[in-house]
Amino acid sequence: MKTRKCKKFKKSYSLIAAEETLGQQRYIRRRKMHKIYIFWSRIFIFAAFLILWQAASDLGWIDKFYFSSPTEIGALFLHDIQDRSLLSHIGITLFESGVSFLLILLFAMVIATFFWFYPSLGKMFEPFLIVLNSLPKSALAPLIIVWLGTGMRTIILCGMSVGIFGCILNLYQAFSQTDPERLKLIETLGGTKMQAFTKVVFPGNIPTFLSLSKVNIGLSLVGVIIGEFLAGRRGLGYLIIYGSQVFKLDMVILSITILCVIAMLIYGIINFLEKHYRA
């Protein structure tokens with residue numbers, strides 16, 4: 261009797277397990293199909309936009325002088341790539357943005373860590389950081405130019421000014437909101453504040469650090485472009501200003517398009533690193 265009951269139980273359990281496996285497979289298949297649908301929908305929307313833009317330009321719905329067309333921008337891109345002038349400007353902008361981004365992360369980490377070790381100083385300086393973060397950063401650029409003159413140092417500092425104050429604030433708040441029970445446990449076991457930071461605070465806030473990196477790489481790029489508008493003689497920001505001054509709007513639209521591609525690629529790289537870390 262017991263043997264029959266065991267057999268029935270095993271049979272029903274195997275059926276339930278098989279149903280769960282089939283359900284999981286269907287769920288995974290739906291998720292994959294949904295991702296494929298989203299990917300090709302984006303491709304379709306982008307292709308439809310390019311086709312509509314080209315058609316509107318060819319049929320005279322928009323003025324070619326002001327709005328150009330995808331084929332003309334593509335031809336300009338190939339021409340500038342062949343004589344390597346465009347690559348030089350792209351390289352300058354990437355270098356300035358990369359240096360600004362790394363300096364933002366470095367200074368933000370050092371200052372936020374210092375404020376965590378000395379909370380009274382953090383509370384003292386927090387209102388000033390909030391005011392500086394709320395200030396339109398384009399208002400600081402003319403002062404930076406007067407202080408440092410034109411050149412790469414000024415542009416890098418402009419790139420830093422856009423994101424550094426917000427990064428310090430967000431990182432300091434993340435450090436301050438670390439699980440107090442874990443910190444109390446470290447203290448109870450006789451650990452030092454440095455050990456609490458290295459074992460609990462910093463490792464626990466790496467996801468926050470990566471999220472801030474995704475935001476700040478875009479802000480660095482914005483700040484660098486503002487600096488190149490005002491103080492640059494090379495770079496994509498300089499091309500945008502120069503192209504608008506001489507009414508070469510193909511150059512302006514091409515530079516903006518390249519900036520979009522750069523921002524998208526860098527965001528994708530950081531997003532990949534974040535997913536790899538969480539996995």
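Residue numbers for the sequence shown follow this note's numbering, so the first one is 261 and each next one is one higher.
Note that beta-carbon positions come from the ideal geometry of N, C-alpha and C, so glycine has one too.
DSSP three-state label for D439, please. Against the sequence shown, residue 439 aligns to sequence position 179. Reduced to three states, the DSSP call for D439 is coil.
For the candidate residues G419, F457 and W313, whose alpha-carbon lies nearest to that of A491? The residue you call residue 491 lines up with position 231 of the sequence shown. For the residues G419, F457 and W313, the minimum Cα distance to A491 belongs to G419.
Which same chain residues end up closer than 6 Å to G495 when comparing Cβ atoms and leaving out the 5 residues on each side of it in sequence? If you number the sequence shown from 1, residue 495 lands on position 235. Cβ neighbours of G495 within its own chain (closer than 6 Å, five residues either side excluded): H349, I352, T353 and E488.
Roughly how many whole angstroms lie between the Cα atoms of A308 and I371? Taking the first residue of the sequence shown as position 1, residue 308 is located at position 48. Taking the first residue of the sequence shown as position 1, residue 371 is located at position 111. Approximately 47 Å between the Cα atoms of the pair.
Which of the three DSSP states is assigned to N465 in this structure? Translated into positions along the sequence shown, residue 465 becomes position 205. In the structure shown, N465 adopts coil according to DSSP, grouped into three states.
Relative to the alpha-carbon of V482, which residue among R289, S471, Y432 and V422 has its alpha-carbon at the smallest distance? Working through the sequence shown from its first residue, we reach residue 482 at position 222. Selected option, being the one with the closest Cα: V422.
Measure how close the beta-carbons of L509 and S328 come, nearest whole angstrom, since I'm counting them as under 8 Å. Residue numbering aside, residue 509 sits at position 249 when the sequence shown is read from its first letter. Residue numbering aside, residue 328 sits at position 68 when the sequence shown is read from its first letter. In this structure L509 touches S328 by the C-beta definition: roughly 6 Å separates them, less than 8 Å.
Around the Cβ of A399, are there at least 16 other Cβ atoms within 10 angstroms (buried) or fewer (exposed)? Numbered from 1 along the sequence shown, position 139 holds the residue referred to as residue 399. Flag for A399 reads exposed.
Could you check how far apart the C-beta atoms of L429 and M369 are, in whole angstroms? I think they sit under 8 Å. The count along the sequence shown starts at 1 and reaches residue 429 at position 169. The count along the sequence shown starts at 1 and reaches residue 369 at position 109. Beta-carbon to beta-carbon, L429 and M369 are separated by about 13 Å, too far to satisfy the 8 Å threshold.
Would V484 and G503 be called neighbours here (beta carbons separated by less than 8 Å)? Taking the first residue of the sequence shown as position 1, residue 484 is located at position 224. Taking the first residue of the sequence shown as position 1, residue 503 is located at position 243. Contact: no.
Roughly how many angstroms lie between the CA atoms of S480 and I501, to the nearest whole one? The residue you call residue 480 lines up with position 220 of the sequence shown. The residue you call residue 501 lines up with position 241 of the sequence shown. S480 and I501 have their C-alpha atoms some 19 Å from each other.
Answer with buried or exposed for A320, where buried requires no fewer than 16 other C-beta atoms within 10 angstroms of its C-beta. For this step, residue 320 is matched to residue 60 along the sequence shown. Just to set this straight, residue 320 is Gly in the shown sequence, not Ala. Flag for G320 reads exposed.
Hey, I446 and K459: beta-carbon distance below 8 Å or not? Position 186 of the sequence shown, counted from the start, is the residue given in the question as residue 446. Position 199 of the sequence shown, counted from the start, is the residue given in the question as residue 459. Cβ atoms of I446 and K459: closer than 8 Å.
Under the three-state reduction of DSSP, which class applies to V506: helix, strand or coil? One-based indexing of the sequence shown puts residue 506 at position 246. In the structure shown, V506 sits in coil (DSSP, three-state: anything other than H, G, I, E or B).
Tell me which residues share the same chain as I424 and place their Cβ nearer than 7 Å to its Cβ, disregarding the 5 neighbours each side in the sequence. The sequence position of residue 424 within the sequence shown is 164, counting from 1. Residues I364, F367 and A368 of the same chain have their beta carbon placed closer than 7 Å to that of I424, with the five preceding and five following residues left out of the count.
Given a cut-off of 8 Å on the beta-carbon distance, is the pair Q314 and T331 in contact? Locating residue 314 in the sequence shown gives position 54, counting from the first residue. Locating residue 331 in the sequence shown gives position 71, counting from the first residue. Taking 8 Å as the Cβ cut-off, Q314 and T331 qualify as a contacting pair.
Which whole-angstrom value describes the C-beta separation of R486 and K397, a residue pair presumed to lie in contact below a C-beta threshold of 8 Å? Counted from its first residue, the sequence shown places residue 486 at position 226. Counted from its first residue, the sequence shown places residue 397 at position 137. Note on identity: in this sequence residue 486 is Ile, with Arg being the wrong assignment. Correct: roughly 7 Å between the Cβ atoms.
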